[in-house]
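Each remark here refers to the structure printed beneath this line.
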Amino acid sequence: MPAEIFPEDAGLLIADGFGAAILREAPDHRLGAAARKAVTLRFAHAAARRFHGLVDPNAGDGLQAF
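Going by our numbering, the sequence shown opens with residue 16, and the numbers climb by one from there.
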């Protein structure tokens, strides 16, 4: 797939099973403190749920996800 089909103002990373290369750096998108905290907490909660699911596959039985 040619790299030219992707927007010039977006970052571009090409990867395969052996490695990856950054063809274009992505522009910085600064977040405010509240948004940064919210994104960090959502990431942490998702990671914790996935890890807990690996350790105890039946942990979420009967519970509704957010």
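Every residue, glycine too, gets a C-beta built ideally from N, C-alpha and C.
Start and end residues, alpha helix (DSSP H) containing residue i
i, result
"L56", "A48 to V70"
Residue i Cβ short of 8 Å to the ligand NAD heavy atom set
i, result
"I29", "Inclusion of the ligand NAD in the displayed structure is not the case, the ligand content being empty and no account of it being possible."
Presumed contact (8 Å Cβ cut-off) between residue i and residue j, rounded CB distance
i, j, result
"G26", "R45", "Incorrect: roughly 15 Å between the Cβ atoms, too far for contact."
Strand pairing of residue i, partner residues [DSSP]
i, result
"A36", "I29"
Spatial neighbours of residue i in its chain, beta-carbon cut-off 8 Å, leaving aside the 5 residues before and after
i, result
"F21", "L27"
"V54", "L46"
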